[in-house]
Structures are given as structure tokens and as C-alpha cells.
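Notes follow the structure.
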Amino acid sequence: MKNYDHKKIEKKIQKEWEKKKIYSASDKSKKPKFYSLIEFPYPSGDGLHIGHPRPYTAMDIISRKRRMEGFNVLFPIGWDAFGLPTENYAIKTGKKPAVVTKKNIITFTRQIKSLGISFDWSREINTTDPAYYKWTQWIFLQFYKKGLAYKAKSYINWCPKDKIGLANEEAIGGVCERCGSATEKREKEQWMLAITKYADRLDKDLDLVDYPERVKSQQRNWIGKSEGSELEFSFCPCAKENLPNLKEGIKVFTTRADTLFGVTYVVLAPEHELISKIQSRITNWDEVEKYIKDTKKKSEMERMAEDKTKTGVELKGVKAINPANNEEVPIWIADYVLVEYGTGAVMAVPMHDKRDRDFSEKYNLPIIDRPLVDAKEITQKVGGKIVTKFKLRDWVFSRQRYWGEPIPLVNCEKCGLVPIGEKDLPVKLPEVKSYTPTDNGESPLAGISKWVNTKCPKCGGPAKRETDTMPNWAGSSWYYLRYTDPKNSKEFASKKNLKYWTPVDWYNGGMEHTTLHLLYSRFWHKFLYDLKLVPTSEPYKKRTSHGMILGEGGVKMSKSLGNVINPDDIVKTYGADTLRVYEMFIGPFEEAAQWSTESIIGSRRFIEKVWRIGEKISKKLLSHGSHSNLNVVNESNIAYAEKSSASQSPVLKLLHKTIKKVSEDIEDMRFNTAISAMMILATEMEKINFIDLEDYKKFLQILNPFAPHIAEYIWFELGEKKSINLSSWPKWDESLIKDKEVKIAVQINGKVRTEITIQMDEKEEEVKKKAFANQIVLKYIGQQEPKKIIYVKNRVINILN
RNA sequence: GCCCGGAUGGCGGAACUGGUAUACGCGCACGACUUAAAAUCGUGUCUCGCAAGGGAUGUGGGUUCGAUUCCCACUCCGGGCACCA
């Protein structure tokens, strides 16, 4: 073995893996299966971010360990390639998004491969590949057929300057991502997915899965389940005059029906549909109409900014009747009541609700303190009902964009909306000249009349295609299913493969996807489950989350700050193994970590230390054999090395402790402490003169998931013929780990004064005797009889006097 | 405002179900090897004190023989949601 040259070694080992295809998952195997998953990347033009290797390496460590533990492991990779940055790049440069994507994928592939992640590349998928998005479209049509995909007028973010509809994620904080001007809400017809139909199950079934508490609570918050009462406040006779058709009253939703006697007024959202029905009875209509108009005109930013002062207008000439006591209360409209939530109307109880109190104080409305009653009883008594409401809204599923999956339906003059037949899928994205959305906010696809004008699949008459595309969350909502059978052209995946591989056993991803991708894909999965197309009700058995990698000083890495680290440079200078070890050692996996180029050297030194020990051992093997070429160290040499270690190795105990610690720490994703333990072991191994070959090999085996190139390379150098990844994960011997003696602290009145050595599990009396024989103890206690002695087995003895 | 995290040396961070705080790594200092340098190895490195000893885990209380760990109040930092009735 020559000097450690990471470039040569890593290249060589990666070639070897590729040649032998050792990371290919088998669809039929007698081994138990293990499906580990990372969130597939968006292949951006910037190339791989230094943050990517963190979750990839983590799941790679788990996948490699599982293989060595005898599992048939599926650890796939693909590309979530539809998306805005590519489209914006196309708008700017005129380059075809498909071409740009292809180029980016080539870069990403090279970069990820250079890290030595054990992905099964034979199952690579790409959401922008028509063979893939055929099935995204197909699933969408299943939603449509079940009535869960529907068209509705919906408020979208509208940029008045760019004249374009924006997705929520493009209008964060009520500001247009492109030009920075304030956005408005505008009504537009959109495709919607009825995720709210699954709200209750998405909430409840969180009990069935192994997710971190913070993920569960964030999803629960987002779904926003709340139980309460729906009560009806009827209109007074004065409001109904000349309105014989006005039968219904004002329905309100409340979680505090017990406060019904404290109601002093009722508030409708300004957009509430009842308002127009009673328009003729409202005596101050001009004022009311102005308020409604002003509300609509207000930008999102303005509405968000004024969360302090509430505004509203009373509907004069009409009153509502409190069903509990038949008293008349005024009706107001105010924009602090949201039309989308609950019933769009609330009963105001200023005594018990801070918002109602603020409003009452501003407009001099009475605040009354009526007795509280039982919520259920009063609900029944007034003819209301107990209901459950959710904050979750249906998913706005269309985008007026080019680079997405076309929505596969047509508008027929005769038949209305007609889905494209299964055999005509996929509806492919046509080529366009310009990727800029049109002036009226339509997708660039609307400009290609050749493509838009088509025939109705039902009647053959003239029809127009839908020109909206799907959001980038569509392809990622089911990709983990495709991995089980990525080349299937008849189904999105075969039942057999789905049954064998799903659910995903362990899925790691970012916290930023908790209420988006993670929730969306759970929804899709449940829908497919209801259609009996997938065998489990939840897609992911276990979910974990990694922390971000920040720049030095704890700031986000960004081009503008100039603190972006390119993984290519690190791999080139230090090697993939060092980068992997460094990113795992940097801090607790689930927390954010600060990049420090200065500190990488520690991980590199550790890798070099491992190399030096390997060098020493191979020299020893050589000196007992006649071969000069290390690659042909033969069996007899190894046998000699083993024999000469007949007496117990001085690191045997530490080795077994380390095997245990690393085995357990990997399961808890405590990679930093696992590496720390291996560092201690390596330091000890280097110190001793003779290292047992088998001990060293075990060390290489537990190091392998972290630093697979060097582990594999030395493994072969030591005469092994099969990949270390195909070897069995070492077991630790509990009896070897147990210490015979242990040092315990001696405290006098709770303060540590000295320590004594005792036999492991020694009797309490003996320990006390030893303690009182100690000079320092005598000094403090003298001849006195201590008041109390507390002994914690094998840990501490505390003497009180 | 609400919800979820977090705060430990010069720095990143360890510490099992309450039991010797500061493992491991970076940095720094000194030493060995070397003609020299690099690399490597060794020693030291929370703080005050010559020492005995004292003080330190964001702040202030509490529980306990004993608290980084549990409880209460507060400050600051990060993330999510935000007039959700």
C-alpha cells in the first residue's frame, strides 16, 4: 500500500461497484426487504449544493448497514425535474427546458456518483420523462373520475404589474417574486384537488406512523382540526320583509357554544353570499358596498399588515336573533372574519374572545357577562349540530406555466369536459416559441392553436385542450411507488412489486416539505389505497428530518453572500470519504450545522489514520509471506497473522464497545458520536504494535457505511475477494464489553472529593469500606459517624455528615 | 400572538432512565523526530488561586443527598403558522 491517494482509490472503487452492480435491488429475493428513501433532487442549474450530501450520506449509511445485515435493500434515485427555475431560465435564454434539464441531470449524476452513494441507478426516474408523467396524468384522471379533481373559481395571487397569476410559493409575504410589487387576490377558475375530503384521516393516521413529533405537530397544525358547534341565528322579521324566499338564517361556527349567552353581535365575512340576498333591506347599502369593494381591492400585504386595528360596517335595518334567548343582536360585516373558514360568519362574544373584544371597544358595542352553559346541551337545545372543521383548504392544482405536466382533459363544445383516454396518454408537452405566460395570465401553451385545437375523444367534434399544467408537487406525490417498478409501461407499478416493496421503511427529508410534499403524497397514497391500487394506507413507515448546512457564521449559503461551497472542490481536495465523514461528524443530524472548511482536516486525519493502520498490517502480512504484490496476499499469510494473535488483543474490548456504539448510534442517526467512537478506536489501534487482522477487518466493516471507498480498498488489499458490502455486519460480544473494575466518584455532602476503584457490581458494604479507607475521605469525615450514605451502584457514593 | 426546537470552553459539539460536566474534533501553546519544513507522534488547554480550595452548562427561583438533565418565571436565537372563531 502506497500513500493514501483519495482520487485514485475512489475512482477505482466506484468503477468496481458499477461493474459488479452490487447495489441493484432484486424484485424477488428470499431476504427481508428494506426500502430506504431520500427526497429526489431538483436538478438545478447551480449543481449539487453542499447540503445534499448530508441526507444522502445518512441514508447511505443506513442502507449499507442494512445490506450487511442481510436485507434486500431498495435505495433509489431520480429527478424531480419540473419546476420554476428551469422555466425562468428558459424565459430568459430561450433554451428548451427539456434540454436544460438533461444537461443539469448529467452534472448532478456525475456529482452524486463522485460521493459514492450506494443508489440503485438502474431504477433512475425523471418526472419530466413522458413515460413517467403519463402515470402522473393517469392518476390525476382517477381523481377526476372520482370527483376529487374539479374546476372552481378560486382566489389566486395576482401581480398587477406583470399581469400574471402566481403560485403561493411565488408570492410569499404578498410580494411578487419576479418584480417585488404587492400582489392582489383575484378570482380565477382553477383545477382543485379535494384534499379536504381526506383531512380527518390525514390527521388521525399520524398516530399510525413513526414520524418525529415536530413533523406530526406541524402537519396537525396545518390540517387544523377543530371541533365545535354550528348554530343558526335567524333573521328578525324586519329583515325578511318582502323577501319570502329568505328561509335560512346566519349559520355560525363556534368552538365556544358555552358562551352563547354572551353574544352581542354577529359578523359576516365581507364576501359572504347572504349579504346580496338581503341587500334590499339594508338601509346603509352605499356604505356597505364601499366596504366590500375596499376589502377586495386591498392587497394581501395591506391585509396582513393591519392585524392590529379591525374595521367593519354594521348592516343597518336588519338584525339577527340569538337562538338561546331570542334577543335581537346587530349584524356586522368585517374583514377579520374569513369567508373560507367555518361558515364565513361568527357569533361575537367580546367577554371571552380577544378579537371580538377589540372590535367591540372600537365600535362601542356592549360587552356582557352572561352565565356559561354546557356546550353540547345548548347546541342540541337550539337545534344546532356538533361539527368538525379544518383549516386545510383544497389544493389549487393548476399553474399557468409551461414546464409541468399538461392537465389531460379537453373542453368539447358538445360534451363539456372530457378526459383523454388512457391509450392516448401521455399528453405530451408541445414545443413553444416563447415560455412567457400570456398577458391575460394564461399558460404559454394557450398560444399554440395547433396543439390547443383538437378533437373530442368522446364525440369527435371540435374541442380545446386544457392549457394549464400541474404544480411541481404532482410528480413527487407518487414517485416512491414508481421506483418499485420503474420501467412498467402497463401500470404505474405492478401489484406484485408494490406488495413486496411498500411501504417505504425509512424516508428522510427536509422540514420544509412537511406541509407540502409530505402531506400531498400521503393524500395521493390514501386515495390510491381507496382505489385498491396500493396495499398500505400510509406511504412511509418512518420519517426523519435533517438539518440544513449553513455557511460559516450561521448564515444561509447564497451566491450574493459569496459563501457557497461547491462539493466538487471538497471531493477533489479531500476526497468523498472525508466529505462524508465530515458532514456526519459536523453536529447532530437533525439540527442545522455550520460549515467550516478549517475543521474538515480533522475528518481527513481520521481517514489517513485508518490508512496508516492498514499499511502497517499489510506490511506485517508481507513480511511473513513471499509475495511482493499486496493484491495477491494469499490465504496462508492471513492464517499466520491470525495465529500469531493467539493472546487476546489489547483493543478487543474497545473494539466490541465500538461495534456496539456504532451499531446503535446509526439506528438513532447519531452519526457524530459514532464517528467519535471510531476515532478513539483508531487512535488506540495505531498505538499498539500488533493488531489482530480480524479486529481490524471488523473495524473496516463498521467504518464502511461512513467511508465506503477506503474501507473497500483496504478490504481487498487484505486479501478479501468479495466486496465488504456483501460481508456480514459484525456482532459485539456483551461479555467482552463488561468492565471488571470501575472507578466511582466519592462525594462528601454532594461534592466530588475523590474517586475509588471498585469491582463491578461490588457489594455496597465493601464499597463503603473502601471509601472509608480513603485518605481524602478520612480528612473530611474524621472519626465522625456519617449521617447518611447514598450509594448508586457502580456510579457514585455520597457521604453526608 | 400561537406552536415546535434550541442556548454547554476560543470554535463545532459530548454527557445513558437525575449520578465524576466539557468525550471527539478544530484552533492554540510547548516538546519529540528533521539540516530545515511539512506530515506524524507526545503533553497541555473552562475559569480564579502559589496552594488548600472556590466558581462556571443563557438569567432568576424551586424540588433533590446530588440538576446540563425535572418544575416555575424570564431573556435571547432558529423554524413553522398567523384575525382559523
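Position 84 (the first sequence) corresponds to 83 in numbering that gives the first Met the number 0; numbering is contiguous. Even for Gly, the Cβ is constructed at its ideal location relative to N, Cα and C.
Coil, strand or helix - residue i by DSSP
i, result
"Ser233", "strand"
"Trp472", "coil"
"Lys730", "coil"
"Met759", "coil"
"Leu73", "strand"
"Val570", "helix"
"Glu272", "coil"
"Phe670", "helix"
"Asn156", "strand"
"Pro405", "strand"
"Leu735", "helix"
"Ala374", "helix"
"Lys30", "coil"
"Gln700", "helix"
"His626", "For His626, the predicted model reports a pLDDT of 41, less than 50, meaning its position is unreliable and no value from the coordinates is stated."
"Ile332", "strand"
"Val650", "coil"
"Asp4", "coil"
"Ile12", "helix"
"Val554", "coil"
"Tyr802", "Lying outside 0 to 800, the shown extent of the chain, residue 802 is not represented and no answer is given."
"Pro418", "strand"
Residues near residue i by beta carbon distance below 6 Å, same chain, minus five either side
i, result
"Gly508", "Glu38"
"Tyr519", "Trp472, Ser476"
Residues of its chain near residue i, where Cβ-Cβ distance is below 8 Å and the 5 sequence neighbours each way are ignored
i, result
"Lys6", "Lys571, Gly574"
"Val887", "Past the boundaries of the shown model lies residue 887; the chain is included only from 0 to 800, so the question cannot be answered."
"His512", "Glu38"
"Asn241", "Ser279, Arg280"
Residue i vs residue j beta-carbon contact at 8 Å
i, j, result
"Gly248", "Phe260", "no"
"Ile12", "Tyr712", "yes"
"Val381", "Pro322", "yes"
"Gly179", "His708", "no"
"Gly316", "Ile332", "no"
"Ile757", "Lys768", "no"
"Thr263", "Val328", "yes"
"Tyr506", "Arg481", "no"
"Ile884", "Met556", "Here the chain comprises residues numbered 0 to 800, so residue 884 is not present and cannot be evaluated."
"Ala198", "Leu147", "no"
"Ile674", "Met759", "no"
"Ile600", "Tyr695", "no"
"Lys250", "Glu229", "yes"
"Glu183", "Trp221", "no"
"Phe232", "Val386", "no"
"Asp576", "Ile606", "yes"
Option in the options with minimal Cα separation from residue i
i, options, result
"Tyr132", "Thr378, Gly46, Asp199, Trp402", "Trp402"
"Ser734", "Lys659, Thr682, Leu717, Lys384", "Lys659"
"Glu226", "Ser622, Ile599, Pro269, Lys390", "Lys390"
"Ile155", "Asp393, Thr108, Leu147, Asn496", "Asp393"
"Lys20", "Ile111, Ser117, Arg63", "Ser117"
"Pro269", "Arg219, Leu205, Asp334", "Asp334"
"Thr546", "Glu589, Phe584, Asp504", "The question names Thr, yet the displayed sequence has Gly at residue 546. Selected option, being the one with the closest Cα: Glu589."
"Pro159", "Pro54, Ser121, Asp438", "Asp438"
"Asn793", "Gln783, Lys787, Val766", "Val766"
"Thr135", "Glu719, Val417, Ser43, Trp472", "Trp472"
"Cys237", "Cys458, Met191, Leu314", "Leu314"
"Gln218", "Ser62, Lys697, Leu517", "Leu517"
"Ile548", "Asn283, Leu515, Trp500, His51", "His51"
Own chain residues within Cβ distance below 7 Å of residue i, not counting five before or after
i, result
"Thr702", "Position check: residue 702 holds Leu in this sequence, whereas Thr was assumed. Counting only Cβ-Cβ distances below 7 Å, and skipping sequence neighbours, we find Val609, Met677, Ala710."
"Arg66", "Val72, Asn724"
"Val338", "Ala268, Glu270, His271"
"Lys203", "none"
"Gly749", "Asn797"
* Asked: Using 8 Å as the Cβ pair cut-off and three pairs as the minimum, do the region 456-473 and the region 428-444 touch?
  -> yes
* To do: For the region 76-88 and the region 123-143, state whether three or more C-beta atom pairs, one from each stretch, are separated by less than 8 Å.
  => yes
* **Meets three-Cβ-pair contact criterion under 8 Å: the region 143-155 and the region 594-605** => no
* Contact between the region 357-367 and the region 232-246 (3+ Cβ pairs under 8 Å) -> no
* Asked: Are three or more beta carbon pairs between the region 490-502 and the region 417-434 nearer than 8 Å?
  -> no
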